[in-house]
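What the sequence shown shows, in my numbering, is residues 108 to 207, in sequence order.
Don't be surprised by glycine CBs; every beta carbon is placed ideally from N, CA and C.
Since we're looking at a predicted model, the values are computed, not measured.
Here the structure comes first, spelled out in structure tokens, and everything after it is commentary.
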Amino acid sequence: MKINISGHHVEVTESLQSYVEEKLAKLERHFDNITTGQVTLTVVKERMTAEATIHVAGADMHAKAEDDDMYKAIDDMTDKLDRQVLKHKEKTVARLHGQG
108 MKINISGHHV EVTESLQSYV EEKLAKLERH FDNITTGQVT LTVVKERMTA EATIHVAGAD
168 MHAKAEDDDM YKAIDDMTDK LDRQVLKHKE KTVARLHGQG
């Protein structure tokens with residue numbers, strides 16, 4: 108999966124970048140048809156926001172999370188994406204087996 112990570116009012120450090128890549132790589136364990144992803148990390152006052160859109164075969168998925176800690180926001184965002192990916196995979200599998 109190709110991931111583009113950008114920062115808005117925040118410097119995307121090497122540790123932040125590798126953390127995002129590591130977290131999103133876990134999504135591929137559930138569904139390997141993820142092609143690209145766009146992640147934006149934003150800081151406004153004390154609120155850290157992590158926002159991502161990923162492209163999978165047949166759908167685009169979007170998640171956004173806010174927290175006082177950027178790493179926690181990234182965790183929450185990837186959890187939301189993970190749930191969406193699993194739901195999409197279930198629908199895809201059900202369709203393939205004629206149950207959808």
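Residues F138, V163, G165, A166, M168 of the same chain have their beta carbon placed closer than 8 Å to that of H195, with the five preceding and five following residues left out of the count. Inclusion of A159 and A180 in the CB contact set at 8 Å is not warranted, their separation being larger than that value.
In the structure shown, the three-state DSSP call for K133 is helix. Counting the other CB atoms within 10 Å of its CB gives A172 a total of 16 or more, which places it among the buried residues. In the structure shown, the three-state DSSP call for V119 is coil.
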